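*Asks:* After the structure tokens below, expect a handful of questions from me.
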Amino acid sequence: MDWLISHEGEEIPAPSENPPATEDGKPAESSSELTEHIPGSYKCNDCNKLFRDENAMMFHAAKSGHENFSESAETIAPLTPEERAQKAAELRDRIRAARALKAEQERKEEIEKERRRREEGKKMLETREKQRENELRAIAEERRRAKQEEAAARQRVLDQIKADREARKAAQSGVQPTPAPTPAPVSAAPAPTTDYKNATIQVRLLNGQAVRQTFGASEPLSAVRLWLELNHSDGIPFTLLQPFPRKVMTDEDYDKPLKELGLVPSANFVMTR
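If you count the sequence shown from 1, position 165 lands on 165 in the UniProt record's numbering, and the numbers rise without skipping.
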């Protein structure tokens, strides 16, 4: 097929009607004077076809892949102009058919490539969507735990304020306050230890706005302070206050990892001057 396409437009080899010339341009001597044998034709021993000259023989070898040829004394009548035109038309038809077949194969290959590309794109999109869903689910879980911890801490503070108020009233009236009954400890299965990798830190700024950022659990508290200084302090000096339980962060605290300070998986701070 490739040979046909690459030799499109070439004439079909035709027998030579003039006697061969010598190197000096003079006509060759008569056959009686020739010492070299000139075969009448060439034969393909693989399929027994005869060919007029070497060009036709080579054409057949390239097209069929046959390799066994020999000289033959049998002569072949030259093609008439009509026969040569017919052979040329047949060759052009073969070339067109070969090109059409090759174009169809290339078209099918392009369709298959496009199909694989779309499938890969679809799989990649599904993977990204799944990752996004997992991230949103993890963020929602962290927010839920943070709210529960904040509510529990707030309730402890309210209980402490109530107990202090009752103690002051009792001291003013000279009556010893009745100690509140200590609730019996509730046995519960120990919570499974979770090795958190990140800490979500929420900070209420000086203007009352709340901001949130995620840090590595092994990062020091100073990383939170540096992030606030670069993005939310407006150059105003500040300190960090943990409301529940109430604690003002010291220089020693800033050197400790968030995990060691108990600030994972989430914690709340208030920025103060």
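Heads up, the beta-carbon is just placed ideally off N, CA and C, and yes, glycines get one too. Source: prediction; values computed, not measured.
Look up Ala199 in the DSSP assignment and say whether it is helix, strand or coil.
*Replies:* Taking the sequence shown and counting its residues from 1, the one referred to as residue 199 is at position 199. In this structure, Ala199 counts as strand in the three-state DSSP scheme.
*Asks:* Excluding five sequence neighbours on each side, which residues of the same chain lie with their C-beta closer than 8 Å to the C-beta of Glu110?
*Replies:* Taking the sequence shown and counting its residues from 1, one reaches residue 110 at position 110. Contacts found: none.
*Asks:* Please identify the residue among Pro245, Ser72, Lys102, Leu258 whose C-alpha is closest to the C-alpha of residue 287.
*Replies:* The structure shown has nothing for residue 287, since the chain only spans 1 to 273.
*Asks:* Can you give me the Cβ contacts of Arg107 inside the same chain, cut-off strictly under 8 Å, excluding the 5 residues immediately before and after it?
*Replies:* Start at 1 with the first residue of the sequence shown, and residue 107 comes out as number 107. Counting only Cβ-Cβ distances below 8 Å, and skipping sequence neighbours, we find nothing.
*Asks:* For the stretch 204 to 222 and the stretch 151 to 158, state whether three or more C-beta atom pairs, one from each stretch, are separated by less than 8 Å.
*Replies:* Cβ pair count under 8 Å is below three, so no.
*Asks:* Do you know how far the Cα of Lys130 is from the Cα of Ala140?
*Replies:* To locate residue 140, count along the sequence shown from 1; it is residue 140. To locate residue 130, count along the sequence shown from 1; it is residue 130. Going from the Cα of Ala140 to the Cα of Lys130 covers about 15 Å.
*Asks:* Identify whether Ser218 lies in helix, strand or coil by the three-state DSSP scheme.
*Replies:* The count along the sequence shown starts at 1 and reaches residue 218 at position 218. If DSSP states are grouped into helix, strand and coil, Ser218 belongs with coil.
*Asks:* Would you identify the three-state DSSP class for Lys43, choosing helix, strand or coil?
*Replies:* Translated into positions along the sequence shown, residue 43 becomes position 43. Strand, per DSSP.
*Asks:* Once DSSP output is grouped into helix, strand and coil, what is the label at Asn68?
*Replies:* Here residue 68 corresponds to residue number 68 of the sequence shown, with the count starting at 1. In the structure shown, Asn68 sits in coil (DSSP, three-state: anything other than H, G, I, E or B).
*Asks:* Excluding the 5 residues flanking Leu34 on each side, which residues of the same chain have their C-beta closer than 6 Å to its C-beta?
*Replies:* As a working mapping, residue 34 is identified with position 34 in the sequence shown. Note that Leu34 scores a pLDDT of 47, beneath 50, so its modelled location is shaky and nothing firm can be said.
*Asks:* For Gln209, report the span of its beta strand (DSSP E) as first-last.
*Replies:* On the sequence shown, residue 209 is found 209 positions in, with the first residue counted as 1. That residue, Gln209, is in no beta strand (DSSP E); it is neither H nor E in DSSP.
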